Structures are given as structure tokens and as C-alpha cells.
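Asker: First the structure, then my questions, so here it is.
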Amino acid sequence: MKPDISALLDDELEPGAASRTIDALRREKELQEAWNVYHLIGDALRRSPGYSHDLSAKVMARLAEEPILFAPTAQPKRTPLRFALPLAAAVMGMAAVGWVALSLNAPQPLELAAKPRPSNQPVVPLAEQSPSGALKEYLVAHQAHSPSGGIQGVAPYVRSVSEIRQDGRP
């Protein structure tokens with residue numbers, strides 16, 4: 006019947022159906038409320054100055070008339086697994102962390118290299134070995150042109166210059 010009321014408001018209802026809808030509106034209070042709501046919606050859409058500005062009071066009054074339902078909330082069942090499973094997970098997590106920590110700190114077995122064969126070449130200490138002249142010049146050029154921060158200062162240059170002067174070249 007509500008679609009008929011909407012069609013009646015839009016002037017889209019046949020004359021016979023319109024008279025039946027008007028008769029039903031006179032008898033039923035629910036249809037009269039629907040009629041008022043449809044008019045209110047139309048006035049609001051058209052922004053007519055005649056619609057009621059006290060809509061919130063009407064809505065609050067209608068809400069106050071509705072019955073209040075009090076439904077008790079269901080209490081969750083207390084099962085032993087509810088507390089045991091998180092506890093077991095925490096213990097397993099601590100055990101895993103402990104196992105990893107112990108395996109990282111355990112002494113590692115030493116791997117010994119095979120005994121080297123004796124060599125017939127004479128052993129010359131590294132302090133006595135000096136790079137060749139071409140290598141010295143390359144190192145000096147490299148240190149002069151390589152990007153390095155100011156943190157080292159002049160120490161690399163002093164070392165290079167002292168190497169060159171020991172050899173006898175400027």
C-alpha cells in the first residue's frame with residue numbers, strides 16, 4: 006500500500022486506485038504516518054520553507070516510544086586451554102631463544118691447517134723487503150690522487166716520502 010501512496014503523491018495513480026488509497030489513508034494511522042513522511046521527504050528535497058524544522062525532536066520522540074531490549078551478554082567459557090596454550094607458547098619461545106643463544110656462544114672446534122712443506126728459499130723478514138721503484142711511484146701517485154677524508158691528516162704522505170728518500174730518489 007505504501008507504493009500506492011508514493012504513486013498518489015507523484016500523481017501517477019489511476020482514479021480508481023487513487024480513491025481506494027485515499028479511503029485506506031482515512032482508516033489506517035500507519036498509512037497516515039507514511040503519508041506525512043513522504044511529504045516531509047519531498048519538502049526536504051525541494052527545500053520548501055514549509056517543512057518542519059523540529060525533525061530531531063520527532064525522531065527522538067519516536068525512539069523513546071520503541072521498546073528497549075535488554076539482552077544479557079554471553080560469558081565466555083573458561084577452559085584450561087585458554088590459559089595453557091599461551092603459557093606453552095611463551096615457554097617454547099623462551100626455549101628457542103635460549104637454544105639459539107647457547108649455540109652462538111658454544112666453543113667452535115678449531116680447524117688446523119696441514120703442515121706446510123719446508124722451502125729451500127731463504128727467509129727474509131718483511132721489514133727488510135722493500136717495494137720496487139715502479140711500485141713506490143705508483144703508491145705515491147695513488148695516495149696523492151685518491152679521495153680520502155681529512156681524518157688521516159698527513160701521515161700517509163710522510164710514510165710515502167720517507168720510503169722514497171730511503172731509496173735515494175727525491
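For the sequence shown, my numbering begins at 6 and goes up steadily by one.
Backbone N, C-alpha and C define an ideal beta-carbon position, used for all residues, glycine too.
Remember, it's a predicted structure, so these values are computed and weren't measured experimentally.
(1) Would you report the Cα separation of valine 42 and phenylalanine 75, rounded to the nearest angstrom?
(2) Would you kindly work out how many angstroms separate the C-alpha atoms of proline 175 and glutamine 148, rounded to a whole number?
(3) Is it the case that the stretch 43-51 contacts the stretch 20-30, given that we only count it when at least three CB pairs across the two stretches are under 8 Å?
(4) Assuming lysine 7 contacts alanine 39 (C-beta within less than 8 Å), just tell me the rounded distance between them.
(5) Using three-state DSSP, classify asparagine 120 as helix, strand or coil.
(6) Have a look at threonine 84 and leucine 90 and give me their C-alpha separation to the nearest angstrom.
(7) Helix, strand or coil, according to DSSP, for proline 175 in the structure here?
(8) Could you name each continuous alpha helix (DSSP H) segment of 4 residues or more that falls completely within the stretch 35-112, going from the start of the chain to the end?
(9) What is the rounded straight-line gap between the Cα of alanine 95 and the Cα of leucine 107?
(10) Proline 44 and leucine 14: beta carbons closer than 9 Å?
(11) Just curious, the alpha helix (DSSP H) that glutamine 148 is in, first and last residue?
(12) Give the straight-line distance between the Cα atoms of alanine 93 and glutamine 80, rounded to the nearest whole angstrom.
(13) Using a Cβ-Cβ distance cut-off of 9 Å, determine whether isoleucine 46 contacts chain C.
Answerer: Quick answer:
(1) Locating residue 42 in the sequence shown gives position 37, counting from the first residue. Locating residue 75 in the sequence shown gives position 70, counting from the first residue. C-alpha separation (whole angstroms): 29 Å.
(2) Taking the sequence shown and counting its residues from 1, the one referred to as residue 175 is at position 170. Taking the sequence shown and counting its residues from 1, the one referred to as residue 148 is at position 143. Here the model assigns proline 175 a pLDDT of 49, short of 50, so the residue's position is not dependable, and the following value carries that caveat. Their Cα atoms are separated by approximately 17 Å.
(3) no
(4) For this step, residue 7 is matched to residue 2 along the sequence shown. For this step, residue 39 is matched to residue 34 along the sequence shown. 5 Å between Cβ atoms; contact.
(5) Position 115 of the sequence shown, counted from the start, is the residue given in the question as residue 120. The sequence as given places lysine at residue 120; asparagine does not occur at that position. It is coil, neither helix nor strand.
(6) Looking up residue 84 in the sequence shown gives position 79. Looking up residue 90 in the sequence shown gives position 85. One C-alpha to the other measures close to 11 Å.
(7) Stepping through the sequence shown from its first residue, residue 175 is reached at position 170. Confidence at proline 175 is low in this model, with a pLDDT of 49, below 50, so its placement is unreliable and the value that follows should be read with caution. Correct three-state label for proline 175: coil.
(8) 60-70 and 85-110
(9) Numbered from its first residue, the sequence shown carries residue 95 at position 90. Numbered from its first residue, the sequence shown carries residue 107 at position 102. Cα to Cα, the separation comes out at about 18 Å.
(10) As a working mapping, residue 44 is identified with position 39 in the sequence shown. As a working mapping, residue 14 is identified with position 9 in the sequence shown. Sequence inspection shows histidine at residue 44; the proline mentioned does not correspond to that position. Against a cut-off of 9 Å, the Cβ pair of leucine 14 and histidine 44 comes out as a contact.
(11) Within the sequence shown, the letter at position 143 stands for residue 148. First-last of the alpha helix (DSSP H) with glutamine 148: 138-150.
(12) Translated into positions along the sequence shown, residue 93 becomes position 88. Translated into positions along the sequence shown, residue 80 becomes position 75. For alanine 93 and glutamine 80, the distance between alpha carbons rounds to 25 Å.
(13) The structure shown contains no chain C; it holds only a single protein chain.
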